[in-house]
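Just so you know, the protein sequences line up as chains A and B, in that order.
Taking the working numbering as reference, the numbering of the first sequence is continuous, increasing by one, and the terminal residue is 730.
Taking the working numbering as reference, the numbering of the second sequence is continuous, increasing by one, and the terminal residue is 270.
Reading through the structure tokens given below for one structure.
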Amino acid sequence: MIFIALAAETHAPGFFEQFGVDWPHFLAQLITFLIVLWVLKKFAYRPLLDLLKEREDRIAEALQKAEQIEKDRAKAEETRKKILADAQAEAQRIIDEARQVAQREGDKQLQEAVAQAEQLVAKAREATELDRERMMTELKREIGRLVVETTAKVTGKILTPQDQQRLAEETARELAA
Amino acid sequence: MATEHSIPTFAEPLFNLGPLPVTNSMVVTWAVALGLVAVVRIGTRRLQLVPSGLQNFLEFVVESVYGMLESIIGPQFVRRTFPFLATLFIFILACNWTGLIPGFGTIGWGETGEHGFRVLKPLLRPTNADLNMTLAMALTFTVLWVFWYYQAHGAAGALKHLFAPKGGMRGFILVVLVPVFIFVGLLELISVFFVRPLGLTVRLYGNIFAGDNILEAMNHILPFPLDVLTLLPFYFLELLVGVVQALVFMLLCASFTTAAIMHEEEGH
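Okay, here's the thing in structure tokens:
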């Protein structure tokens with residue numbers, strides 16, 4: 554190396570001599586410096602840089618984990634909400650259905666009752682009508698008989714069957730009117 | 003005499019360790035190195051995912067420097083260059099601030115003159131006030147720069163990156179400009195292997211050496227209780243210079259590196 558050659562061979566009175574530079578002292582200082590370099594590299598830089606790297610990795614990992622946990626939590630919360638909403642919707646649906654069924658059932662029963670009532674009323678009316686007709690028939694017959702009897706008593710003559718027939722028909726006609 | 007108070011430009015040998023004369027700045031370098039090793043070992047002995055205490059502080063330093071370098075060099079290349087560049091910053095800063103501990107330059111061997119006791123050979127000298135230290139770091143960077151440059155471009159790519167004409171020119175213009183580009187490449191080589199390392203070396207050395215001198219000078223301007231007044235502002239200034247120079251050294255290396263590897267990404 555040019556500089557070392559210069560350092561060793563300069564004979565110009567004394568730049569290096571003046572500053573006390575010579576091989577033994579130069580080498581002694583060089584070796585000391587290299588030893589310090591080696592020790593620092595082996596015992597300080599390498600372990601400390603490795604440690605710093607490890608710590609950096611760990612922190613990054615921890616942050617990532619925290620993020621993952623937060624993500625999971627948010628997801629769970631969402632699921633929880635969804636389940637809750639689903640349950641609510643389901644409950645609502647069941648209630649609505651039950652209400653509808655009840656409504657339908659109630660309607661049906663009412664209709665049946667109404668129909669039954671109507672039927673009863675109709676039957677009653679029918680029965681009443683029949684009764685009335687029968688009563689009317691009986692009444693007509695009775696009135697006819699009374700008319701004939703009364704007529705016979707009043708006139709004092711025995712009515713012929715033709716007369717009786719005529720009277721009954723006449724009475725019935727009068728009554729119907 | 004003005005020179006009487008000034009600190010010498012070179013680190014002075016204190017004693018011999020075998021064949022090696024041990025200088026006052028080397029003592030401090032070793033102390034700083036040992037201190038850094040101890041702090042790092044204690045701080046990272048039982049690493050916890052949830053940090054506390056010293057581990058927390060070390061993490062803060064490493065993370066801040068890493069972030070700064072990543073924003074300059076880019077995430078792709080920073081892992082490879084970070085250990086060296088961060089060590090530059092941490093080590094230079096530790097050295098600079100250690101050099102400000104009272105006692106540097108004032109405890110040592112000396113003699114008693116007419117103005118009282120003068121320290122001529124201090125026991126401790128700021129590490130980066132030794133050109134050997136700053137030169138060692140600058141040249142280490144140059145070697146690593148070559149390595150990273152080679153990694154980013156390959157041998158052929160590196161030569162092309164240095165010398166080949168850029169901008170897609172053709173014909174006559176190209177022929178004219180080829181020598182220019184070759185010349186520019188040579189300038190680049192001079193810059194990489196001479197100017198930049200020299201700049202890094204001398205900038206750091208000069209700042210710290212000058213700071214040490216200023217503190218020494220301010221210490222002697224006024225007699226004892228009053229010298230605190232002159233000393234204190236410069237002490238805080240030197241605290242600032244210590245961190246700024248550490249940053250400057252690292253950031254310059256980072257930007258040289260970025261400029262060298264950037265074309266790789268642009269080309270693809």
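Even glycine gets a Cβ: it sits at the ideal position worked out from N, Cα and C.
Boundaries of the beta strand (DSSP E) in which residue i is found, first to last residue
i, result
"residue 24 of chain B", "22-25"
CB contact flag (residue i, residue j, <9 Å)
i, j, result
"residue 93 of chain B", "residue 33 of chain B", "no"
"residue 128 of chain B", "residue 30 of chain B", "yes"
"residue 62 of chain B", "residue 598 of chain A", "no"
"residue 251 of chain B", "residue 191 of chain B", "no"
"residue 138 of chain B", "residue 571 of chain A", "no"
"residue 602 of chain A", "residue 51 of chain B", "no"
"residue 256 of chain B", "residue 74 of chain B", "yes"
"residue 593 of chain A", "residue 42 of chain B", "yes"
"residue 209 of chain B", "residue 130 of chain B", "yes"
"residue 164 of chain B", "residue 187 of chain B", "yes"
"residue 590 of chain A", "residue 86 of chain B", "yes"
"residue 167 of chain B", "residue 183 of chain B", "yes"
"residue 569 of chain A", "residue 575 of chain A", "yes"
"residue 725 of chain A", "residue 676 of chain A", "no"
Exposed unless 16 or more other CB atoms sit within 10 angstroms - verdict on residue i
i, result
"residue 263 of chain B", "buried"
"residue 268 of chain B", "Its pLDDT being 48, under 50, residue 268 of chain B is placed unreliably by the model, and the measurement read from it follows with that caveat. Exposed: under 16 other Cβ atoms inside 10 Å."
"residue 132 of chain B", "buried"
"residue 198 of chain B", "buried"
"residue 158 of chain B", "exposed"
"residue 612 of chain A", "exposed"
"residue 147 of chain B", "buried"
"residue 150 of chain B", "buried"
"residue 152 of chain B", "exposed"
"residue 648 of chain A", "exposed"
"residue 240 of chain B", "buried"
"residue 6 of chain B", "The predicted model places residue 6 of chain B with a pLDDT of 49, which falls under 50 and marks its position as unreliable; any figure quoted below should be read in that light. Classification for residue 6 of chain B: exposed."
"residue 57 of chain B", "buried"
"residue 586 of chain A", "buried"
"residue 217 of chain B", "buried"
"residue 573 of chain A", "buried"
"residue 654 of chain A", "exposed"
"residue 226 of chain B", "exposed"
"residue 88 of chain B", "buried"
"residue 707 of chain A", "exposed"
"residue 60 of chain B", "buried"
"residue 106 of chain B", "buried"
"residue 71 of chain B", "buried"
Endpoints, alpha helix (DSSP H) assigned at residue i
i, result
"residue 18 of chain B", "Residue 18 of chain B -> not in any alpha helix (DSSP H); beta strand (DSSP E) instead, spanning 15-19."
"residue 589 of chain A", "576-592"
"residue 595 of chain A", "Segment: none, residue 595 of chain A is in no alpha helix (DSSP H) and carries neither H nor E."
"residue 66 of chain B", "55-75"
"residue 168 of chain B", "It is not in any alpha helix (DSSP H) - residue 168 of chain B carries neither H nor E in the DSSP assignment."
"residue 131 of chain B", "From DSSP, residue 131 of chain B is part of no alpha helix (DSSP H); its letter is neither H nor E."
"residue 12 of chain B", "From DSSP, residue 12 of chain B is part of no alpha helix (DSSP H); its letter is neither H nor E."
"residue 213 of chain B", "198-223"
"residue 90 of chain B", "80-100"
"residue 726 of chain A", "714-729"
"residue 571 of chain A", "568-571"
CA nearest to the CA of residue i, picked from the options
i, options, result
"residue 16 of chain B", "B:233, B:149, B:27", "B:27"
"residue 220 of chain B", "B:210, B:205, B:67, B:237", "B:237"
"residue 90 of chain B", "B:38, B:165, B:77", "B:38"
"residue 100 of chain B", "B:259, B:244, B:153", "B:244"
"residue 140 of chain B", "B:195, B:178, B:182", "B:195"
"residue 13 of chain B", "B:231, B:211, B:228, B:230", "B:211"
"residue 112 of chain B", "B:223, B:173, B:9", "B:9"
"residue 95 of chain B", "B:258, B:242, B:259", "B:242"
"residue 261 of chain B", "B:217, B:193, B:57, B:184", "B:193"
"residue 234 of chain B", "B:172, B:114, B:182, B:102", "B:102"
"residue 98 of chain B", "B:258, B:64, B:214", "B:214"
"residue 704 of chain A", "A:693, A:673, A:717", "A:717"
"residue 698 of chain A", "A:709, A:650, A:684, A:722", "A:722"
"residue 154 of chain B", "B:232, B:20, B:11, B:259", "B:259"
Distance between beta carbons of residue j and residue i, contact taken as under 8 Å
i, j, result
"residue 577 of chain A", "residue 22 of chain B", "5 Å"
"residue 136 of chain B", "residue 203 of chain B", "4 Å"
"residue 109 of chain B", "residue 122 of chain B", "Not quite, the Cβ-Cβ distance comes to about 12 Å (not below 8 Å), so this is no contact."
"residue 701 of chain A", "residue 728 of chain A", "Incorrect: roughly 14 Å between the Cβ atoms, too far for contact."
Check: residue i C-beta below 8 Å from any heavy atom of the ligand GDP
i, result
"residue 100 of chain B", "With respect to small molecules bound, the structure shown includes none, and the ligand GDP cannot be examined in it."
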